[in-house]
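Student: This is the structure I have questions about; it appears just below.
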Ligand SMILES: Cc1cc2nc3c(=O)[nH]c(=O)nc-3n(C[C@H](O)[C@H](O)[C@H](O)COP(=O)(O)OP(=O)(O)OC[C@H]3O[C@@H](n4cnc5c(N)ncnc54)[C@H](O)[C@@H]3O)c2cc1C
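Numbering (our numbering), first residue to last: 5 to 397.
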């Protein structure tokens, strides 16, 4: 059996990003096998994320913006509709960006095709296990082995009662309207004018042009809705708040993202590394995963080059952000304060700080300033509850 240097189990966002970073690094000639049951030839999702305006250093591992050339849209201002504020937010040094899945898959597949040592196989993975010889994978009953297996197919089980386990779930429609009713210069990142039903519920509107947009109804809670309920909320939002003059739905998107502070095993054994959602890369308090995955994978490749080991570590002083995430999840899960008011405070009182904070790049003093804009008692109660759980656990 041929032994690969690396097997990438799951060629979705994380797997293909990792393969792309290998091609941009001194490891570009290593033998790599990418296994996925899906050919990734459809636009199965759209990623949005924010990014700091920095001059790009050109393509390469150190390029802060590797997928800039294939962005579908990017914006310098965004709209926000909260409880006491309805206007645009100046994002300062940040831009809000939108990348279509299909553009990302095509771009990376095309780059990988230039490298004869990288193979892609469409197969269903049945098993991944560690052996003394390396990481071992069985896919469509065929065995494969490699020095390291990067696994983005592992299904997280997030069910420990001492942790906070919410879900971000959403359904979106790409609609084309009769009347021009969207502002292509400004996406709506959160519109809370929907019935909260005691949860955190909002709508995103990501305009492609004046007559086309992705309208997405999103919830943060513990329970999925039926398909008809998402549809009904979307219908209602569009008829109440958009003057469409009639519309057609051309695409739909549905997703569930874990919002959990449960510890995940990024390195379950010597030759296996979990990446992407499987590696716990999702930011627990927001569900955003795309940019963190890019950062984390770049640091894994860098470590492989420098030490021969694909490990990643979080500096101890950055671990405070996990505590902040837990406190926020506790406030949401225990309904300690209305979520629409919290987000209104976060975005409108900290517009220049919030994106940096969510990227975990702020200094402690900035974090204190942001916390000072939050309702004190509910967050204090949440902090004490998280502390109590940690001590008990
Ligand atoms: C609809 C949707 C929209 C999202 N939007 C955003 C967003 O706007 N911003 C953001 O930051 N995050 C977003 N996310 C969250 C996150 O960025 C995505 O889920 C992202 O795709 C996660 O990357 P991944 O590689 O971990 O998983 P995936 O991209 O899902 O890749 C996993 C791959 O493994 C393959 N696979 C799984 N099991 C097997 C098996 N047994 N055998 C073979 N192959 C297998 C799958 O086919 C898939 O291609 C979104 C998620 C969804 C579902």
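In this text, a Cβ means the ideal position worked out from N, Cα and C, and glycines have one as well.
When DSSP labels each residue in this structure, what does residue 306 get in the three-state scheme?
Tutor: Residue 306 falls in the helix class under three-state DSSP.
Student: Measure the alpha-carbon distance for residue 203 versus residue 145 and round it to whole angstroms.
Tutor: Those two C-alpha atoms are separated by around 45 Å.
Student: When you compare each of 384, 328 and 342 to residue 168 by their alpha carbons, which one comes out closest?
Tutor: Minimum Cα distance to residue 168 is reached at 328.
Student: With respect to the alpha helix (DSSP H) encompassing residue 252, which residues constitute its N-terminal and C-terminal limits?
Tutor: Residue 252 -> not in any alpha helix (DSSP H); beta strand (DSSP E) instead, spanning 251-264.
Student: What's the gap between the Cα of residue 105 and the Cα of residue 50?
Tutor: Their Cα atoms are separated by approximately 5 Å.
Student: Between which two residues does the alpha helix (DSSP H) carrying residue 113 extend?
Tutor: 105-116 is the extent of the alpha helix (DSSP H) around residue 113.
Student: Pick out the complete beta strand (DSSP E) segments inside the region 272-307, 3 residues or longer, and give them in chain order.
Tutor: Segments of the beta strand (DSSP E) lying fully in the region 272-307: 276-278.
Student: Quick check on DSSP: helix, strand or coil for residue 336?
Tutor: Three-state DSSP puts residue 336 in a helix.
Student: Measuring alpha carbon to alpha carbon, tell me which of 346, 311, 315 and 74 ends up nearest residue 86.
Tutor: Checking every option, the nearest Cα to that of residue 86 belongs to 346.
Student: What are the partner residues of residue 216, as DSSP defines its beta bridges?
Tutor: Beta-bridge pairing links residue 216 to 180 and 213.
Student: Check each candidate in 45, 175, 356 and 150 and name the one with the smallest Cα separation from residue 233.
Tutor: Looking at the Cα atoms, 175 is the closest of the given residues.
Student: Look at the alpha carbon of residue 188 and the alpha carbon of residue 373, and state the distance between them as a whole number of angstroms.
Tutor: Cα-Cα distance, rounded: 33 Å.
Student: If I follow the unbroken beta strand (DSSP E) through residue 8, where does it start and stop?
Tutor: Taken as a continuous stretch (DSSP letters only), the beta strand (DSSP E) holding residue 8 covers 7-13.
Student: Kindly indicate which three-state DSSP category residue 321 falls into: helix, strand or coil?
Tutor: If DSSP states are grouped into helix, strand and coil, residue 321 belongs with the helices.
Student: Measuring CA to CA, which of 10, 266 and 22 is closest to residue 299?
Tutor: Cα-wise, what sits closest to residue 299 is 22.
Student: How would you label residue 116, buried or exposed, when you count the other beta carbons within 10 angstroms and need 16 or more for buried?
Tutor: Looking at its Cβ environment, which holds 16 or more other Cβ atoms inside 10 Å, residue 116 is buried.
Student: To the nearest angstrom, how far is the alpha carbon of residue 38 from that of residue 101?
Tutor: C-alpha separation (whole angstroms): 27 Å.
Student: Can you find a heavy atom of ligand 1 that lies under 7 Å from the Cβ of residue 284?
Tutor: No - ligand 1 has no heavy atom lying nearer than 7 Å to the Cβ of residue 284.
Student: Rounded to whole angstroms, what is the Cα-Cα separation between residue 56 and residue 325?
Tutor: So the alpha carbons of these two residues sit roughly 19 Å apart.
Student: Within its chain, find whatever has a CB closer than 7 Å to the CB of residue 380; leave out the 5 residues flanking it on each side and keep chain order.
Tutor: Excluding residues within five positions, none has a Cβ falling inside 7 Å.
Student: If you measure between the beta carbons of residue 122 and residue 36, is that distance less than 8 Å?
Tutor: Contact: yes.
Student: So, is residue 20 buried or exposed, given that buried needs 16 or more other C-beta atoms within 10 angstroms?
Tutor: Under this definition residue 20 is a buried residue.
Student: Starting from residue 126, trace the beta strand (DSSP E) both ways and give me its first and last residue.
Tutor: First-last of the beta strand (DSSP E) with residue 126: 122-126.
Student: Considering only residues of the same chain and omitting the five flanking positions on each side of residue 295, which have a CB-CB separation below 6 Å?
Tutor: Here the set comprises 53.
Student: How far does the alpha helix (DSSP H) with residue 239 in it extend, from its first residue to its last?
Tutor: Looking at the DSSP string, the run of the alpha helix (DSSP H) that includes residue 239 is 231-245.
Student: If I measure Cβ to Cβ from residue 308 and keep anything under 7 Å in the same chain, skipping five residues before and after, which residues do I get?
Tutor: Correct list, in chain order: 31 and 314.
Student: Buried or exposed: residue 97, going by 16 or more other Cβ atoms within 10 Å of its Cβ?
Tutor: Exposed, by the Cβ-count rule.
Student: Please check the pair residue 110 and residue 76, which I expect to be a contact at CB under 8 Å, by giving their CB distance rounded to whole angstroms.
Tutor: That pair is no contact at about 12 Å.
Student: If you measure between the beta carbons of residue 266 and residue 164, is that distance less than 8 Å?
Tutor: Contact: yes.
Student: Using three-state DSSP, classify residue 95 as helix, strand or coil.
Tutor: Three-state DSSP puts residue 95 in coil, outside helix and strand.
Student: Tell me whether residue 217 counts as near ligand 1, meaning its Cβ is closer than 7 Å to at least one heavy atom of that ligand.
Tutor: Residue 217 Cβ: outside cutoff for every heavy atom of ligand 1.
Student: From residue 170 to residue 186, what does the alpha carbon distance come to, in whole angstroms?
Tutor: Going from the Cα of residue 170 to the Cα of residue 186 covers about 32 Å.
Student: Could you pull the DSSP bridge partners for residue 138 from this structure?
Tutor: 135.
Student: Rounded C-beta distance between residue 404 and residue 206? I'm assuming under 8 Å.
Tutor: Outside the displayed range of the chain (5 to 397) lies residue 404, so it cannot be described from this structure.
Student: Per the DSSP calculation, residue 351 is bridged to which residue(s)?
Tutor: Its beta-bridge partners do not exist; DSSP assigns none.
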